[in-house]
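Here the structure comes first, spelled out in structure tokens, and everything after it is commentary.
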Amino acid sequence: MINNINYDTYLNLTNQLLNCSSGEDASKILNNNKFLINSKLVITIVQKASSLFNQNKENYADVLFDIAVQLAKILQLPEFLMMLYPSELESQRFLLCQLIQASAPGNVNFEIVDSLLFCNLNKLDEKFIKVLKEQVDNLLSQADPEQAQGIASAINNISGRIEILPIGNIVNNLEIAINGYEIAQTVFTSDTFKEEWVKLQNHLGNAYKKRILGDTKENLNCSIHYFKNVLDVLGNDIENNQDIWARTQHNLGVTYLAYRDKVLDRKETHYLKLAIEAFNQALTIYNQRDFIEQWSSVQFQLGVAYYKHIEIELENKAKYLKLAVTSFHNALEFFTFQKTPENWATIQDSLGNAYSSTNESDNLKLALNYYSQALQIHTKDKFPEVWARTQRNIGHTYWKLNKINEAKQAFELALSVFTPDSFPWDCLITANDLGDIAFQSQDCFCLEAMKGYDIAVQANEQRLSYIDLNFRKQEVLSETISVYANAAKASIRANQLGKALEYLERSKTRNLVELLVTRDISPKGDIPETVLDQLGQLRRKIAVEQRRLEMEMGNQKYSITPLSLDRTYLNDLQRQLNELIQGEIQPHEPNFSLAQKVKTITFEQIQNLLPNDETALIEWYILNDKFLTFVITRHSSQPQVIESSAEDLQALLKRVRAYLRLYYRKDNKKWWRNQLEPRLQNLAEILHIDEIISHIPTECARLILIPHRFLHLLPLHALPLRNKQLKNGQRKQNCLLDKFPRGVGYAPSCQLLQLSQNQERPNFTQLFAIQNPTNDLSYANLEVETIGSFFAETQVLVKQEATKAAL
């Protein structure tokens, strides 16, 4: 960047120009400061103007932009003119040209590079990557070998500066840097430019290790690949490359730890051993005498790896605790309280984690002492996220000591920082812990448990709202589904049975519900496509930035430097989103707001789904230790809840597996039919169907079934009931369908049933159907023909006619 003295001088002159009352005054000021009229002044003016523009002070910004344009013309700086009033593509090309010139070997000026980048943060987007590839490919195709080296070196330098930019779109910056490094390595190969190639491999390894976009597993595999490339090439010449070889071993060890935590099962030990091996390799070079800082850094990471062993070891906990504690104390040889208090505090926190990973009372008390030491430096004001995470760890430690009130208090302190909106993932974990400790305690504080679980559910749904991809939403929901089950269990224990059903409904078919509902809360009216595109882009950018912050919090465990998250870019994106809605959408649709979230269905609304007193509803939900059955009638104050035993659940799983295995045997459908009646009888007994029916008023003539998971695959309407005694003394076999003469219907969830009932189809007169395309659906022909008779117009693709081309 521009050095502080010069920058202050230019900034002072810029402020004088901003306060001028007329153009004449501005000219006088410039005449009196001719020695300051240069490209640095133009850069400073543009920076100030951009800042004012972002503060919604457009009039002041325009004044400075006009002055910058005039100065750029006087100084014959066409590149700045193109960046001030250009087409977007041309401005990005000119920006790249200027960056290459300022980064060329022998002429590197990082002050200018940084200034250009800071002035043009908005141009560092996905399109810039395309410009970078196309323009550099074009330059390299026309360059001789020496020129190609210069271009590649410049691109490497630019990529390095972009990667470490502390502001702007960090995600895009990293993508640009990765693409730049990959371009540079096409010139700097390991055969002819070994030193440059090694540096590039390390750059790529570090960049992929912290990459946000793409698949986490693939990114970390790429990182490992690049670090191994370096070690393979340097393996025969370690003596002359000691520092970079040891640094690469250190980086590789950290990546192994990340891979194990983010990709593999937490009980996996292979990658822990690989990490420990890599750290020990680094220590063969980084000795305590000659490389005390590097030695201490590796010792810290070694302590982290040993600490993770404590969590999963059953017999050798004491061994790995001793190794972890020794390594952390070794790290304190350099990272002392006096020299590096923040790093010292991180090590105190890590010592707390190590001692807290056992269940011995003395160790747990030591852990609390180390956490207390860490909090002297990691205060809530200075490091709120780190402070909150330590409070959560304190809560876990008190929990192990059976000090329930102290544990709950620590979790609540953590939640003062980890809110659903700001830190949804950490909020979810902490609030779930608060719910668990209240629910599992001997006194069972049910209402407190419900409060904790409710916050966790809010955090999870906030997290889901940031995700655009439906398959990713499904992954996240499957990872956190237990939160809804926990909330339901606490509600049942508190005898709030309707609330329990509401929580379970929130977890069912959530993605499909969102798709149907958000279709109706998207902006309508005469809104330009460009505005709708911008709305979508901003929402996606916010989702990606939230993920970046979440990943940075996760990466803190591998770093000795405490983290203070910079939320500036996220706040700026949210400001832009609000301005777009207020300025471009609400004038057309005043009531539109992204705060219009998918509303969850209440128990009262579930009851209203029943059209009359003669209709009842049964809903099942399968937990990990039992299954629940809810019986809902129109006027009951709460649903009836029937809880199965764990044995019933195991019997149900076994019976369903056997039923489906038999059903899908293509060689013997007759055997399945012969076995159907006794199997359904057994299933009815496991589900306690007669007990369920006893809770339904006798006047009910219609039944709605809402299965869960694999229960959707079963013919529940055919479940047999207790035999009915006839007048002639014989017993008649009854099933659900016989019991309810007005029919038995199905729905995936209550909320989807509600949505389907509320949908208006004024022109529901046409039918399009695909009829038995694989020729193995026995009743498909009859079904399509019957349904088609209710429509005025039908279009049916029958059997072999049902092709992609026909569609």
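So the sequence shown is residues 64 to 870, counted in my numbering.
C-beta: ideal position from N, C-alpha, C; glycine also.
In this text the structure is predicted, and so the values were computed from the model without any measurement.
When DSSP states are grouped into helix, strand and coil, N232 belongs to the coil group.
At the C-beta level, L427 and K463 come within 8 Å of one another.
Separation of W683 and P783 (C-alpha to C-alpha, rounded to the nearest whole angstrom) is 18 Å. Of the other Cβ atoms in all chains shown, 16 or more fall within 10 Å of the Cβ of L816; this residue is therefore buried. A check of alpha carbon separations from R323 across L346, A341, K280 identifies K280 as the nearest.
Closest by C-alpha distance to N797, out of A810, H780, P811, V859, is H780. Short of 6 Å from the beta carbon of R742, and not among the five residues preceding or following it, lie these beta carbons of its own chain, in chain order: Y722.
The C-beta separation of A553 from A512 comes to about 4 Å, placing the pair in contact by the 8 Å criterion.
DSSP places L766 in the strand class (E or B) of the three-state scheme.
Judged by beta-carbon spacing, Q701 lies beyond the 8 Å limit of L510, meaning their Cβ atoms are not closer than that value. Of the residues assessed, P760 falls on the exposed side of the cut-off, its CB having fewer than 16 other CB atoms within 10 angstroms. Here T543 is buried, its C-beta having at least 16 other C-beta atoms within 10 Å.
The segment 387 to 397 makes no contact with the segment 441 to 448, as fewer than three CB pairs between them are under 8 Å. The C-beta separation of D412 from A437 comes to about 4 Å, placing the pair in contact by the 8 Å criterion. In this structure, E677 sits away from L636, with a CB-CB distance that is not shorter than 8 Å. In this structure K862 is exposed. Its beta-carbon is surrounded by fewer than 16 other beta-carbon atoms within 10 angstroms.
When the alpha-carbon of I137 is set against those of H651, L104, A473, the nearest one is in L104.
Residue pairing for Y684: DSSP places it in a beta bridge opposite L691. Annotated three-state conformation of L263 is helix, per DSSP. By the neighbour-count criterion, in which 16 or more other beta carbons inside 10 Å mark a residue as buried, A473 falls on the buried side.
The beta carbon of T692 sits closer than 6 Å to those of W683, I705, I755, all from its chain and outside the five residues before and after it, given in chain order. When H751, E740, L739 are compared, the shortest CA-CA separation from L715 is found for H751. In this structure, the beta-carbon distance from L159 to I225 does not fall below 8 Å. In this structure, the straight-line span from the alpha carbon of Y434 to that of T453 is close to 7 Å.
Under the three-state reduction of DSSP output, Q472 falls in the helix class. For the segment 240 to 320, not one full-length beta strand (DSSP E) segment reaches 3 residues or more.
The Cβ atoms of T663 and E568 sit closer than 8 Å to each other. Sequence-distant partners of E376 (beyond 5 residues in either direction) whose C-beta falls short of 7 Å from its own C-beta, in its chain, are Y383.
Here K186 is buried. Its C-beta has 16 or more other C-beta atoms within 10 Å.
Residue pairing by DSSP places F128 opposite no residue, since no beta bridge is assigned to it.
The Cβ neighbour count for L283, taken over all protein chains shown within 10 Å, is at least 16; the residue is labelled buried. Residue state for N220 is assigned as helix, using DSSP reduced to three classes. Under the three-state reduction of DSSP output, E677 falls in the coil class, being neither helix nor strand. Annotation for E197: the continuous alpha helix (DSSP H) segment containing it runs 189 to 205. Within the segment 438 to 462, not a single complete alpha helix (DSSP H) segment reaches 4 residues in length.
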